[in-house]
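See structure below.
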Amino acid sequence: MSNSSHQALWLAGHGPIRHRKETVERVAPLIERLVADGRAADTQTAYRLFAAADRLSCVAMNVVAHMTYAQRIDLSGRPLDAHDFKPSPEGHTGGSLNMVPAFVGYLLANALTGTTRGWLMGQGHCVAAIEAVNALTGDVSPAQRGRYDRSEEGLSRLIGDFYSYAIDARGHPAVPVGSHAGPNTAGAVSEGGYLGFAGVQYVHMPLPEESLVAFLSDGAFEEQRGSDWATRWWRAEDSGFAIPLMILNGRRIEQRTQIVQEGGAPWLAEDLRHNGFDPMIVDGRDPAAIACAIIASEDALRAFAADPHKRYPARLPYIIAETEKGFGFPGAGTNAAHNLPLPGNPRTDAAARAAFNASALDLFVPEPELDEALLALSNHAQQDRKLESGHPMAHRRPGAPALPAPAWERVGDSGSAMAALDRWFVSLVRANPGLRVRIGNPDELASNKMGGTLALLKHRVNEPEPGVPEDMHGAVITALNEEAVAGAALGNKGGLNLIVSYEAFAVKMLGMMRQEIIFARRQKEIGQPPGWLPIPLIVTSHTWENAKNEQSHQDPTIGEALLGEMSDTSRVLFPVDGNTAIAALRDIYASRGALACIVVSKRDVTQRFDAHAAQALAEKGAAHIAGDPADACVQFVAIGSYQLEEALKAHAHLARLGQASCVTVIMEPGRLRLPRDEMEAGFVDGDDTVRALFPPGLPRVILSHTRPEPMLGTLRRIDDGPSRTRALGYINRGGTLDVAGMLFANRCTWAHAVDAAAAVAGWARNTVLDEPRLRAVNGTGDPAHLLNTGN
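Heads up: the sequence shown begins at 2 in our numbering, then just goes up one per residue.
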């Protein structure tokens with residue numbers, strides 16, 4: 002076919018895809034530039050790719066519609082009969098239809114320039130678009146290989162598997178396609194189930210020389226704030242090219258988006274300009290418009306990066322792809338387009354069936370044309386580049402970090418565990434200069450005793466303030482938005498990360514953390530474990546030491562919630578001093594593909610564990626610290642530094658009365674749980690270890706940093722029932738108090754622990770507590786009587 006024929010073929014469009022004048026005017030000079038730069042072979046080849054993208058988009062949109070409604074597809078174009086449709090159609094159809102031209106436009110940009118860019122999709126419910134395109138191009142995941150392909154049989158299997166709800170004997174999904182993006186979606190790096198989180202992560206994802214296209218949604222724009230700060234964080238010196246592409250279809254589930262209500266694409270463009278972006282409005286229905294915008298955006302960033310006189314903030318590109326929800330199918334532009342655009346089920350409704358078949362005919366591409374299009378776009382070998390599923394962000398595995406030997410604290414000394422962590426983390430950063438660092442910091446890094454980290458790495462700002470630890474290229478991402486700063490660390494999977502927060506406010510990060518945990522765990526389950534370095538969340542200024550503030554600042558929920566996830570991927574640790582905190586963090590960084598929550602006291606506490614004991618505690622998750630279980634009448638189990646101090650006081654009090662007890666520290670409760678599957682069973686301590694630490698039948702009092710009930714559930718293996726085991730912890734009491742007041746209000750003082758010990762050991766209460774202390778414990782006396790533990 003001649004050059005003019007390829008151009009004419011593209012100019013004619015295909016099916017519902019038509020090329021606007023402004024798109025045509027952008028394509029011609031782009032092709033000229035690509036040929037002149039040597040990035041495209043010739044004009045004929047370029048126009049062939051543009052025409053191929055139209056046809057791939059139409060077929061993929063057709064497959065998406067079939068995935069919602071049909072049980073099979075007929076590639077000859079014959080209409081489907083009633084029995085060919087699903088009894089119960091399901092799918093996020095409108096958004097998925099909109100994703101097709103956008104994703105094909107991304108493929109087209111790659112094919113035109115010979116560059117495999119990364120991709121991220123924030124609207125994970127639009128996965129049907131990705132799966133349809135991947136099946137057609139053959140770029141499928143290992144689990145999908147041999148099951149889904151561009152044949153009628155392979156596409157029909159994909160269509161039938163979608164929302165089949167199939168389950169295997171072990172309770173796992175029995176088909177490698179789900180309702181959202183997952184590890185079986187070739188090239189996916191995030192589920193995208195929590196709208197808005199991709200918007201605060203994408204700018205931190207590409208390393209230098211990499212390029213990323215982040216597909217975002219207008220609905221997510223109003224879901225999660227913080228994405229408009231991207232220009233504050235991007236630096237050409239340590240980051241690759243990050244290109245946000247919003248699919249502006251104007252609708253959420255039940256109504257128009259706020260952007261459209263305010264004025265649509267022009268309003269959004271003006272808002273973005275105020276936040277330092279350089280927006281570009283393009284036709285979101287046309288893969289050619291998408292591809293031109295991606296290439297232009299990347300070229301603009303490359304030009305900025307090469308400018309020796311560049312000044313920050315850079316005006317980052319932002320592509321606004323205008324479309325209507327469900328473009329290319331009946332019901333487009335209506336609320337119904339979100340899920341089931343047709344007015345009825347084609348299986349039982351003749352009118353709906355006729356509408357479906359008419360739309361399928363409009364999107365139809367004869368098989369020879371489809372083969373030609375797929376051949377044109379499959380130019381990876383000629384260009385010596387990876388398939389899109391092989392983009393670098395989907396396969397992060399930085400080198401193992403050097404873990405410097407800590408400067409261990411001396412037993413008996415008093416100091417802040419956070420300050421000890423700070424000193425070791427500074428040495429970790431210095432030992433690993435090749436790892437890009439991101440610190441997610443909602444606000445008070447220095448106040449939280451990480452002043453050394455702040456002095457070394459500094460707040461990242463556009464205009465540093467003299468005398469303040471700020472720098473244009475700082476690694477500390479600071480904003481009063483927990484999700485936004487957590488996104489900096491979670492996006493930086495090619496580097497070294499840390500998140501530091503008040504315990505109470507870390508709960509705002511929970512959804513984002515959980516999305517990462519779920520995705521990583523599923524990768525492990527299918528035999529493709531993630532290779533990125535673990536991402537620790539340190540929560541401090543915690544429930545017990547934040548007594549001086551109101552109850553909003555006294556909340557252990559984050560640790561409780563993360564303990565509910567699978568413990569091999571979601572680690573929760575409660576170090577009790579500086580050495581155990583260092584040992585915990587060091588142990589975490591030695592692993593891969595896990596998130597961790599470390600609850601650390603910032604106030605001074607007594608150093609209880611030496612170097613050897615701290616490392617043993619990190620390895621097993623629990624250790625004895627006082628007394629001998631073989632001789633004890635009761636065992637105090639401490640989870641948390643303040644809880645350990647009260648347990649030791651209770652132990653000493655009983656010793657003065659001639660009653661033998663022991664004190665055991667649990668730093669990682671997840672190692673002691675009943676495993677819920679084989680993978681978690683490989684992580685938890687074995688029965689022999691648990692029996693040695695917690696002898697069966699020994700009366701036990703657990704003092705927990707958290708609420709007692711969730712911790713008891715986690716520690717079911719050492720719970721011998723209410724007559725032999727009692728648990729103390731946060732019982733939702735607080736206010737403007739001191740630490741002693743918090744402990745008393747929540748019945749967690751040493752005296753309450755002694756009283757609980759009497760209950761499980763069968764002692765009379767008045768033999769272990771005198772009358773004033775009994776009255777205090779009963780809530781009828783003076784709490785001051787519990788401040789002195791001496792006789």
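Where is the CB? At the ideal position from N, CA and C, for every residue including glycine.
- What's the call for Asp689, buried or exposed, on a 16-neighbour Cβ count within 10 Å? exposed
- Message: I need the boundaries of the alpha helix (DSSP H) containing Thr46, first residue and last residue.
- Response: Thr44 to Tyr70
- Query: Rounded to whole angstroms, how far is the Cβ of Leu317 from the Cβ of Ala231, which I believe are closer than 8 Å?
  - Reply: 6 Å
- To the nearest angstrom, report how far apart Val769 and Ala406 are at their CA atoms. 45 Å
- Per DSSP, what kind of secondary structure is Ala361 in: helix, strand or coil? helix
- Helix, strand or coil at Phe216 [DSSP, three-state]: strand
- Is Asp444 near the ligand COA, with its Cβ less than 6 Å from a heavy atom? Summarising the ligand content, the structure contains no ligands, and the ligand COA is consequently not present.
- Message: Could you check whether Gly125 and Glu26 sit closer than 7 Å to each other, using their CB atoms as the reference points?
- Response: no
- Query: Looking only at its own chain, which residues have a Cβ that is under 7 Å from the Cβ of Ser542, when we skip the five neighbours before and after it?
  - Reply: Asn449, Tyr503, Glu504 and Lys603
- Query: Taking all protein chains shown into account, do 16 or more other C-beta atoms lie within 10 angstroms of the C-beta of Ile168, making it buried, or fewer, making it exposed?
  - Reply: exposed
- Please report how far the alpha carbon of Glu616 lies from the alpha carbon of Ile589, in whole angstroms. For the sequence presented, residue 616 should be read as Gln rather than Glu. Taking the straight line from one Cα to the other gives about 12 Å.
- Query: Whole-angstrom Cβ separation of Thr186 and Ser152, contact assumed at under 8 Å?
  - Reply: Not quite, the Cβ-Cβ distance comes to about 20 Å (not below 8 Å), so this is no contact.
- With burial defined as no fewer than 16 other Cβ atoms inside 10 Å of the residue's Cβ, what is the status of Ser415: buried or exposed? exposed
- Message: Looking only at its chain, what residues have a beta carbon closer than 7 Å to the beta carbon of Phe506, apart from the 5 residues adjacent to it on each side?
- Response: Pro443 and Glu483
- Query: Can you tell me whether Val134 is buried or exposed, with buried defined as 16 or more other CB within 10 angstroms of its CB?
  - Reply: buried
- Task: With Gln384 as the anchor, note down where its alpha helix (DSSP H) starts and where it stops.
- Result: His381 to Gln384
- In three-state DSSP terms, what is Asn792? With a pLDDT of only 48 at Asn792, under 50, the local geometry of the prediction cannot be trusted, and no value is derived from it.
- Query: Pro467: buried (16+ other C-beta within 10 angstroms of its C-beta) or exposed?
  - Reply: exposed
- Query: What residue does the alpha helix (DSSP H) around Gln259 start on, and which one ends it?
  - Reply: Gln259 -> alpha helix (DSSP H) spans Gln259 to Glu263.
- Task: Pick out the complete beta strand (DSSP E) segments inside the stretch 473 to 542, 3 residues or longer, and give them in chain order.
- Result: 477 to 479, 497 to 503 and 536 to 541
- Quick one: grab the DSSP three-state call for Gly416. In the structure shown, Gly416 adopts extended strand secondary structure according to DSSP, grouped into three states.
- Mapping DSSP to helix, strand and coil, what is Gly579? Gly579: helix per DSSP, three-state reduction.
- For Arg431 and Arg303, the rounded distance between their alpha carbons: 30 Å
- DSSP three-state call for Phe328: helix, strand or coil? Annotated three-state conformation of Phe328 is coil, per DSSP.
- Message: Taking 7 Å as the threshold (C-beta atoms), are Thr69 and Pro88 in contact?
- Response: Note that the C-beta distance between Pro88 and Thr69 is not below 7 Å.
- Message: Do Ala112 and Asn463 count as a contact pair if the criterion is CB distance below 7 Å?
- Response: no
- Query: For Lys326, is the classification buried or exposed, using 16 other Cβ atoms within 10 angstroms of its Cβ as the cut-off for buried?
  - Reply: By the Cβ neighbour-count rule, Lys326 is buried, with 16 or more other Cβ atoms within 10 Å of its own.
- Cα separation between Ile320 and Met281? Taking the straight line from one Cα to the other gives about 5 Å.
- Query: Would you report the Cα separation of Phe426 and Pro531, rounded to the nearest angstrom?
  - Reply: 23 Å
- Query: What are the boundary residues of the alpha helix (DSSP H) that includes Asp794?
  - Reply: No information on residue 794 is available, as it lies outside the stretch 2 to 792 that the chain covers here.
- Got a sec? Which residues, its chain only, sit under 6 Å from Asp279 by beta carbon, not counting five neighbours each side? Arg316 and Pro318
- Message: Pop quiz: Ala670 and Leu564 are said to be a contact at Cβ under 8 Å. What is the actual Cβ separation, rounded to whole angstroms?
- Response: For clarity, residue 670 is Pro in the given sequence; the question names Ala instead. Their Cβ separation, rounded to whole angstroms, is 6 Å, which keeps Pro670 and Leu564 in contact under 8 Å.
- In chain order, what residues of the same chain lie with their CB nearer than 7 Å to the CB of Val201, ignoring the 5 residues before and after it? Gln225, Gly227, Ser228, Glu484, Ala485 and Gly488
- Task: Keeping to the same chain, check which residues put their C-beta closer than 6 Å to that of Phe793; ignore five residues upstream and five downstream.
- Result: The structure shown has nothing for residue 793, since the chain only spans 2 to 792.
- Message: What would DSSP say about Val664, mapped onto helix, strand or coil?
- Response: strand
- Query: What separation, rounded to the nearest whole angstrom, lies between the Cα atoms of Asp43 and Pro30?
  - Reply: 13 Å
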